[in-house]
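Notes follow the structure.
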Amino acid sequence: MVDDNTLQVKVSLDNEFGLHARPAAILAKEAQKFSSDIRLSHDGKEVDAKSILDILTLAATHGSALCIKASGEDAPEAVRRIKELISRRFEVRG
Amino acid sequence: MSKTVLQGIPVSAGIAIGKTYFLNRGSSTSTIRMNIDDEHVHQETARLKQAFSLALADLEKIRKKIPKELKEQTAIIDSHIMILKDKKFQNSARDYVREKMINAEWALEKAESDIESAFIKIEDEYIRERVQDVRLVANRVKSQLYGQPADIRSLTQRMILLAADLSPADTIELQLDKIMAFATISGGKTSHAGIIARSLQIPAIVGVEDLSELQDGHLVILDGFNGRIIVDPDEDDLDHYSQLRYQFAEYQSLVNRDCYLPAETIDGYKVKVFANIELFEEVAAVIDNGGEGIGLYRTEYSFLNRETLPVEDELFEEYRDLASIIFPNRVVIRTLDLGADKIATQFGPVREINPALGLRAVRFCRKHPELFKTQLRAILRASVLGNVSIMFPMISGVEELLEIKKIFYSVRNELKTKRVDFDPVMPMGIMIELPSAVLISDLLAREVDFFSIGTNDLIQYSLGIDRTNKHVSYLYQPLHPSILRSIKYVIDAGHEAGIEVSLCGEVAADPYCVPILMGMQIDSISLNPQAIPGIKRIIRQATMDEFKELLKRVLESEDVQESNRLVREMIFTRFPEELMFYTSLIEE
């Protein structure tokens with residue numbers, strides 16, 4: 387999966403209950419805005435960031451280290467936005 | 216495949232020989248696996264896709280209705296929308312259809328259980344519990360899937376319909392010209408599907424457990440006399456059953472010839488024979504079968520299967536048409552018996568642990584007084600245009616009856632003020648279908664003009680069994696001493712007070728039970744129109760003395776088996792030809 391064009395960044399998950407339903411929904415929704423292939427990995431498991439079910443089964447709890455990977459045209463923007471979302475603890479602006 | 220025989224409970228007499236078709240819907244509790252062939256793969260994936268998009272549209276509609284302050288609720292709905300839109304879920308279900316060649320329902324079930332097993336492994340309890348959201352979403356898709364009308368219209372030949380279950384709402388949509396018989400997995404002797412089948416005069420069997428293994432397009436013989444489905448029959452079976460089908464048709468034409476004669480015993484005792492109907496269209500069957508009026512008009516159907524409630528004029532026109540077409544004969548209009556298995560969706564989902572003991576009939580009407588009053592106005596307005604009586608169901612006590620009468624009189628006064636015509640002496644009656652009403656029938660008799668004993672519910676409530684539950688349906692015994700004593704008590708109490716007593720349950724159409732009712736001197740019986748000719752024939756061929764003698768012996772017997780034996784003996788010796796073609800509530 388990881389090729390030369392793949393961007394990769396690590397973040398730590400600080401929100402209270404980890405990636406539960408609401409954050410997972412917000413994250414998947416954000417990921418779906420990009421054409422790039424976006425993957426999330428945690429604890430040796432890698433899933434599709436555009437699928438809420440995948441994100442949930444990743445079972446990333448509070449304090450987990452997450453890795454965001456993206457490959458495609460808008461990969462830099464995608465990684466930046468998702469990283470921001472996670473560090474903002476999924477508080478949606480506006 | 217070689218010949219196999221599936222056994223169920225016969226609920227409507229007759230023989231059908233034809234190919235099977237499984238109706239793609241049923242109760243959400245029993246999903247059925249069906250293997251499909253190449254040409255149906257596209258149809259099933261399309262159904263799946265449509266179910267997902269309908270469920271999505273539904274959720275988006277719900278989301279719009281949530282007030283802005285409720286952020287939590289919005290977040291939950293949002294996550295459900297995301298689950299619904301999740302390509303993983305949808306594609307996995309679709310792939311199951313394509314790869315395993317199975318129906319959409321089963322594929323969805325498989326996809327859901329795959330997701331569930333992924334969740335079960337999650338250690339974090341909070342996230343693991345999100346599986347509930349997955350289930351909720353899957354249920355939404357399921358209900359869309361089950362709710363989609365199966366495409367019966369696309370059938371090119373008449374089929375034998377198979378289904379997990381047929382609810383009262385489903386059965387309305389059955390198109391008779393495409394269905395020669397039906398069989399269901401759930402249901403018992405007196406479930407609604409049977410009532411419908413008998414009124415449509417098509418053979419039917421319920422409670423056939425192995426039905427789901429039967430695939431579409433099998434040649435079967437459906438034996439509605441004995442509750443058997445013969446799958447892939449041999450030549451001998453086909454010969455035998457074709458002949459039986461012919462004999463039954465002969466018998467029917469024989470009894471139909473005399474159906475206009477009164478139900479009068481040889482020694483001159485007359486009983487009125489009315490019909491139970493629920494659709495206006497059935498009036499023709501009442502007249503064709505020699506019904507002397509309508510003893511029970513069920514009014515629920517104008518309220519089911521629609522988004523909005525019927526308005527007063529619509530109900531008025533329905534009752535007016537019915538009253539005038541059956542005039543000068545009588546029509547007894549029973550007020551709404553919604554609740555239990557008949558739910559009007561306009562009131563939103565009602566969750567009751569025990570709906571049969573819950574908000575139904577007059578209890579439901581008291582909770583929704585405007586709805587009730589609308590119906591009362593419509594009935595009162597129609598009362599001047601025919602021979603109309605009104606009847607209230609599920610009365611449990613005197614106070615309740617008085618409360619209902621109060622509402623009735625307030626509607627009358629309202630009409631009087633508006634100078635709207637109504638019949639001030641329209642007969643008013645109640646159903647006696649609860650054990651409590653039986654025991655105080657002497658008190659209730661002072662308040663009304665007639666009783667109608669509803670044995671279907673009375674048996675269910677007296678013996679404490681759910682009549683649609685096949686595990687206990689063997690306990691459904693019309694000749695149980697408690698039931699016979701109850702019926703007799705009500706008839707005697709009614710006669711003591713000088714009012715008419717009728718009986719409108721399935722018992723009235725049962726050749727084994729009618730002689731007993733006759734012996735108790737019931738004034739009238741009301742039954743499905745198709746059974747009228749046969750029942751009249753039995754009454755016309757016997758004497759009141761015979762009936763009374765039988766009743767005396769049955770009342771002396773201490774158990775059901777003995778009672779059953781006594782009536783069977785009488786029918787055997789006196790009306791052997793009836794035996795061949797009738798299904799009875801009495802166990803063999």
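Sequence order for the protein chains is A and F.
In terms of the working numbering, the first sequence is residues 387 to 480.
In terms of the working numbering, the second sequence is residues 216 to 803.
Where is the CB? At the ideal position from N, CA and C, for every residue including glycine.
Using a Cβ cut-off of 9 Å (strictly closer), state whether residue i contacts chain A.
i, result
"tyrosine 311/F", "no"
"aspartate 293/F", "yes"
"aspartate 301/F", "yes"
"glutamate 338/F", "yes"
"alanine 353/F", "no"
"aspartate 348/F", "yes"
"isoleucine 330/F", "yes"
"isoleucine 342/F", "yes"
"isoleucine 277/F", "no"
"isoleucine 281/F", "no"
"alanine 228/F", "no"
"alanine 290/F", "yes"
"proline 364/F", "Its pLDDT being 47, under 50, proline 364/F is placed unreliably in this model, and the value from its coordinates should be taken loosely. So no, proline 364/F is outside the interface."
"alanine 333/F", "yes"
"phenylalanine 267/F", "no"
"arginine 549/F", "no"
"methionine 374/F", "no"
"arginine 627/F", "no"
Tell me the DSSP bridge mates of residue i?
i, result
"threonine 443/A", "DSSP lists no partner for threonine 443/A."
"threonine 399/F", "Ala378/F"
"glutamate 715/F", "Phe665/F"
"asparagine 779/F", "DSSP, once it has assigned bridges, lists no residue as partnering asparagine 779/F."
"lysine 396/A", "Cys453/A"
"threonine 235/F", "Ile375/F"
Confirm, please, whether the CB-CB distance from residue j to residue i is below 9 Å.
i, j, result
"isoleucine 594/F", "isoleucine 645/F", "no"
"arginine 408/A", "aspartate 293/F", "yes"
"valine 775/F", "glutamine 692/F", "yes"
"leucine 437/F", "isoleucine 375/F", "yes"
"valine 716/F", "isoleucine 750/F", "no"
"leucine 439/A", "alanine 333/F", "yes"
"valine 498/F", "leucine 537/F", "yes"
"isoleucine 219/F", "glycine 432/F", "The question names isoleucine, yet the displayed sequence has threonine at residue 219/F. Result no, Cβ atoms of threonine 219/F and glycine 432/F do not sit closer than 9 Å."
"isoleucine 740/F", "alanine 723/F", "yes"
"leucine 426/F", "proline 448/F", "no"
"isoleucine 541/F", "isoleucine 568/F", "no"
"phenylalanine 587/F", "threonine 550/F", "yes"
"asparagine 504/F", "isoleucine 753/F", "no"
"isoleucine 342/F", "lysine 303/F", "no"
"valine 226/F", "alanine 464/F", "no"
"leucine 770/F", "leucine 718/F", "no"
"phenylalanine 403/A", "aspartate 460/A", "no"
"arginine 592/F", "glutamate 496/F", "no"
"phenylalanine 665/F", "proline 642/F", "yes"
Would you grab the beta carbon distance between residue i and residue j for me? Rounded to a whole angstrom, and I think it's under 8 Å.
i, j, result
"leucine 765/F", "glycine 734/F", "6 Å"
"threonine 348/A", "aspartate 339/F", "In the structure as shown, chain A starts at 387 and stops at 480, and residue 348/A therefore has no counterpart that could be examined."
"isoleucine 230/F", "glycine 439/F", "7 Å"
"leucine 361/A", "serine 450/A", "No answer is possible for residue 361/A: the residues shown for chain A start at 387 and end at 480."
"leucine 616/F", "isoleucine 622/F", "So it is not a contact: roughly 11 Å between Cβ atoms."
"valine 352/F", "leucine 299/F", "5 Å"
"glycine 233/F", "glycine 442/F", "With a Cβ gap of about 17 Å, glycine 233/F and glycine 442/F do not count as contacting."
"asparagine 743/F", "asparagine 471/F", "With a Cβ gap of about 15 Å, asparagine 743/F and asparagine 471/F do not count as contacting."
"valine 546/F", "valine 603/F", "6 Å"
"leucine 360/F", "alanine 326/F", "Contact doesn't hold; Cβ gap of about 12 Å is too wide."
Any beta-carbon of chain F closer than 9 Å to the one on residue i?
i, result
"lysine 415/A", "yes"
"alanine 451/A", "no"
"lysine 419/A", "no"
"glycine 404/A", "yes"
"threonine 447/A", "yes"
"isoleucine 472/A", "no"
"serine 437/A", "yes"
"alanine 407/A", "yes"
"aspartate 440/A", "yes"
"threonine 392/A", "no"
"isoleucine 412/A", "yes"
"aspartate 460/A", "no"
(message) Does the contact criterion of 3 or more C-beta pairs under 8 Å hold for the region 255 to 271 of chain F versus the region 480 to 496 of chain F?
(response) no
(message) Taking 8 Å as the cut-off, does the region 700 to 712 of chain F touch the region 644 to 659 of chain F (at least 3 CB pairs, one atom from each stretch)?
(response) Because the criterion of three Cβ pairs below 8 Å is met, the region 644 to 659 of chain F and the region 700 to 712 of chain F touch.
(request) Check whether the region 505 to 516 of chain F touches the region 569 to 585 of chain F, counting contact only when three or more Cβ pairs, one atom from each stretch, lie closer than 8 Å. (result) Taking 8 Å as the limit for Cβ pairs, the verdict is that the region 569 to 585 of chain F does not touch the region 505 to 516 of chain F.
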